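Heads up: the protein sequence lines correspond to chains A and G, in order. FYI, the numbering for the first sequence is 20 to 241, going by the working numbering. FYI, the numbering for the second sequence is 20 to 241, going by the working numbering. Below is one structure, written out as structure tokens; comments come after it.
Number of protein chains: 2
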Amino acid sequence: MRQPPGRGQRSSGERKPREERWPELIEVATEVFYEKGYEAASLQGIASRLGILKGSLYYYIQSKEDLLFEVIKSVHEEGLANIESLATGDGDALQRLRKVIVGHIDHECGNLKKTAVFLHELQALAPDRQAQILGGEHAYRGVFSNLVATGQKEGLIPEGLDPKLAALWILGSMNWVYRWFRPGGEFTARTIGEQFAEMTIRGLAVADLQAPGAVPGEQPAG
Amino acid sequence: MRQPPGRGQRSSGERKPREERWPELIEVATEVFYEKGYEAASLQGIASRLGILKGSLYYYIQSKEDLLFEVIKSVHEEGLANIESLATGDGDALQRLRKVIVGHIDHECGNLKKTAVFLHELQALAPDRQAQILGGEHAYRGVFSNLVATGQKEGLIPEGLDPKLAALWILGSMNWVYRWFRPGGEFTARTIGEQFAEMTIRGLAVADLQAPGAVPGEQPAG
DNA sequence: TCTAGTGTAAAACAACCGTTTGGTAGTGGC
DNA sequence: GCCACTACCAAACGGTTGTTTTACACTAGA
Chain A
20 MRQPPGRGQR
30 SSGERKPREE
40 RWPELIEVAT
50 EVFYEKGYEA
60 ASLQGIASRL
70 GILKGSLYYY
80 IQSKEDLLFE
90 VIKSVHEEGL
100 ANIESLATGD
110 GDALQRLRKV
120 IVGHIDHECG
130 NLKKTAVFLH
140 ELQALAPDRQ
150 AQILGGEHAY
160 RGVFSNLVAT
170 GQKEGLIPEG
180 LDPKLAALWI
190 LGSMNWVYRW
200 FRPGGEFTAR
210 TIGEQFAEMT
220 IRGLAVADLQ
230 APGAVPGEQP
240 AG
Chain G
20 MRQPPGRGQR
30 SSGERKPREE
40 RWPELIEVAT
50 EVFYEKGYEA
60 ASLQGIASRL
70 GILKGSLYYY
80 IQSKEDLLFE
90 VIKSVHEEGL
100 ANIESLATGD
110 GDALQRLRKV
120 IVGHIDHECG
130 NLKKTAVFLH
140 ELQALAPDRQ
150 AQILGGEHAY
160 RGVFSNLVAT
170 GQKEGLIPEG
180 LDPKLAALWI
190 LGSMNWVYRW
200 FRPGGEFTAR
210 TIGEQFAEMT
220 IRGLAVADLQ
230 APGAVPGEQP
240 AG
């Protein structure tokens with residue numbers, strides 16, 4: 020079964036340069052953290068998927084928590100850049116909000132494991148590292164509360180709504196998706212994003228305003 | 020420092036009947052799981068808060084996972100009974116949905132630790148135990164999708180919306196609250212529940228219908 | 001007074017954890 | 001052909017974990 024090091028074919032034992040090993044490590048760590056959760060995951064398990072020994076991981080990291088930190092930091096930066104670019108596009112606040120919601124859910128579903136690790140294991144980090152990632156006043160939430168506040172100035176959203184609460188309301192519905200979405204399942208990311216955006220926009224908009232896009236009539240497959 | 024067993028005063032060493040110890044155990048376990056997370060929590064820690072040795076816990080449980088199961092099961096039953104009673108009251112579907120949302124968030128914030136353990140640590144259980152708790156087709160979600168479907172029959176909610184997606188949308192926003200709510204903080208559970216209900220109902224209702232209750236004008240303290 | 005049962009102590013168990021240390025085969029630059 | 005460096009192995013470390021076993025002080029009932 021276990022061939023001597025004739026040639027590849029084994030998943031283990033290959034010596035690789037840092038530039039190749041590092042992203043591999045991040046990817047494998049993400050998968051293992053996703054499957055087992057951070058605390059239940061072991062460096063042993065990560066190392067053996069890479070084909071090296073767990074002690075060898077310390078050539079790349081200084082601690083297990085470092086690994087989680089690196090994973091989460093990269094996911095957060097990626098996701099934040101995504102919605103910030105969507106939020107600063109054309110159109111009024113509600114039109115931009117629609118794009119952000121659809122785009123964020125699409126990104127979330129397309130990067131399910133990474134997102135799940137970020138959303139679920141963030142609190143496994145030490146508090147100062149959590150703060151370091153989220154930024155002083157929750158950059159992520161800020162994008163949404165700013166959109167809501169802008170919508171209020173534009174007269175599209177009633178002044179009675181608290182922008183921060185509205186932002187948390189939106190974030191909650193979106194950040195729950197990773198819990199039940201499965202690729203190839205009942206709903207596509209697109210379907211989810213569009214219906215969520217529809218309901219959310221309608222929930223925020225003033226009474227006498229109706230969003231131009233009608234309720235999408237597509238029947239989800241399955 | 021360490022008094023010989025003269026009389027009480029120490030938090031440890033008291034022998035108690037099962038009826039008294041068992042709920043104490045569940046409560047302490049809930050707290051520890053809340054603070055550290057299930058995997059990172061140790062039976063050692065739970066036992067020492069009770070003033071007994073970790074081995075003695077096995078007089079009450081058969082495994083650590085059993086403990087989590089008991090905690091989660093009781094929380095789920097409690098929460099489900101709460102929203103089911105609210106969902107079967109008077110009024111049309113949207114009026115009942117409003118009550119359910121406000122009541123559920125109130126319950127969630129009033130039982131923050133229990134709820135957090137349920138929502139965050141459920142997936143630490145073996146899959147069959149998860150299924151055993153959630154019920155065959157997610158009893159919790161069913162309450163909301165049924166309300167949405169009923170609202171559609173009553174002509175209050177457009178037929179184009181998928182009731183299951185709508186239910187997941189609602190659940191997400193509510194189940195995110197435990198992540199940021201803090202007692203005595205910026206918002207009361209009541210404020211959160213009412214604004215969330217307001218936005219959610221409006222997001223679901225057909226265009227030419229306006230909910231009787233206006234947007235709550237209260238300014239949240241802080 | 002004897003007895004059965006209850007709630008806990010005490011101690012040990014193997015297993016596994018994250019981390020450290022020291023060594024080394026291979027490689028590219030000089 | 002030497003040297004420094006890179007990427008990893010090999011082995012061990014102390015500590016903690018969940019769990020099991022045996023024993024025992026105490027209590028209630030007969």
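From the three backbone atoms N, C-alpha and C, an ideal C-beta is built for every residue, glycine too. Only a predicted model underlies this, so the values are computations on that prediction, with no experimental measurement involved.
Exposure of residue i, with buried meaning 16 or more beta-carbon neighbours within 10 Å
{"i": "A/D147", "result": "exposed"}
{"i": "A/L113", "result": "buried"}
{"i": "G/G222", "result": "buried"}
{"i": "G/G98", "result": "buried"}
{"i": "A/Q171", "result": "buried"}
{"i": "A/G174", "result": "exposed"}
{"i": "G/M20", "result": "Note on G/M20: pLDDT 32, under 50, position unreliable in the model; the coordinate value appears next. Flag for G/M20 reads exposed."}
{"i": "G/Q22", "result": "At G/Q22 the pLDDT is 33, less than 50, meaning the model places this residue with poor confidence and gives no usable figure here."}
{"i": "G/P244", "result": "Nothing in the structure corresponds to residue 244 of chain G, since chain G is present only between 20 and 241."}
{"i": "G/K83", "result": "buried"}
{"i": "G/R34", "result": "exposed"}
{"i": "G/E96", "result": "exposed"}
{"i": "G/V217", "result": "The displayed chain sequence assigns Glu, not Val, to residue 217 of chain G. Label assigned to G/E217: buried."}
{"i": "A/P231", "result": "For A/P231, the predicted model reports a pLDDT of 45, less than 50, meaning its position is unreliable; a value from the coordinates is still stated below. Flag for A/P231 reads exposed."}
For residue i, the first and last residue of its enclosing alpha helix (DSSP H)
{"i": "A/H126", "result": "112-129"}
{"i": "G/T219", "result": "208-223"}
{"i": "A/D85", "result": "83-106"}
{"i": "A/A168", "result": "158-172"}
{"i": "A/P36", "result": "No alpha helix (DSSP H) contains A/P36, which DSSP labels as neither H nor E."}
{"i": "A/S67", "result": "62-69"}
{"i": "A/A186", "result": "182-194"}
{"i": "A/L153", "result": "146-153"}
Cutoff 7 Å; reference residue i; Cβ partners in own chain excluding five residues on either side
{"i": "G/K118", "result": "L105, G108"}
{"i": "G/L212", "result": "This sequence places Gly at residue 212 of chain G; Leu is not what is there. Within the same chain, G/G212 has close Cβ partners I120, V121, I124, D125."}
{"i": "A/Y197", "result": "E127, L131, T134, A135, L138"}
{"i": "A/I80", "result": "L86"}
{"i": "A/L69", "result": "E43, L44, V47"}
{"i": "G/E50", "result": "K132"}
{"i": "A/P177", "result": "V225"}
{"i": "G/K73", "result": "L62, Q63, A66"}
{"i": "A/G110", "result": "none"}
{"i": "G/W41", "result": "Y79"}
{"i": "G/S30", "result": "Interpretation of G/S30 is limited by its pLDDT of 36, a score under 50 that renders its predicted location unreliable; the figure taken from the coordinates is listed afterwards. So the qualifying residues of the chain are G70."}
{"i": "A/K92", "result": "I152"}
Proximal residues to residue i (C-beta, below 6 Å), its chain only, five neighbours per side dropped
{"i": "G/V94", "result": "K133, F137"}
{"i": "G/L76", "result": "L62, A66"}
{"i": "G/F201", "result": "What sits at residue 201 of chain G in the sequence shown is Arg, not Phe. No residues qualify anywhere along the chain."}
{"i": "A/A185", "result": "V167"}
{"i": "G/T169", "result": "A112"}
{"i": "A/N101", "result": "H126"}
Check: residue i C-beta below 6 Å from any heavy atom of the ligand NAP
{"i": "G/L144", "result": "Only the bare structure without any ligand can be found here, which leaves the ligand NAP out of the picture."}
Beta-carbon contacts of residue i that lie in its chain and below 8 Å, excluding the five residues immediately before and after
{"i": "G/F52", "result": "A60, L87, V90, V136, E140"}
{"i": "A/L190", "result": "Y159, R160, F163"}
{"i": "A/G129", "result": "A208"}
{"i": "A/L180", "result": "V167, Q171, L223"}
Whole-number beta carbon distance between residue j and residue i, since they are thought to touch under 8 Å
{"i": "A/E54", "j": "G/G56", "result": "16 Å between Cβ atoms; not a contact."}
{"i": "A/Q142", "j": "A/Q151", "result": "Not confirmed; about 14 Å, so no contact."}
{"i": "A/W195", "j": "G/L187", "result": "7 Å"}
{"i": "A/F206", "j": "A/S192", "result": "The Cβ separation is near 14 Å, so there is no contact."}
{"i": "G/I220", "j": "G/L116", "result": "6 Å"}
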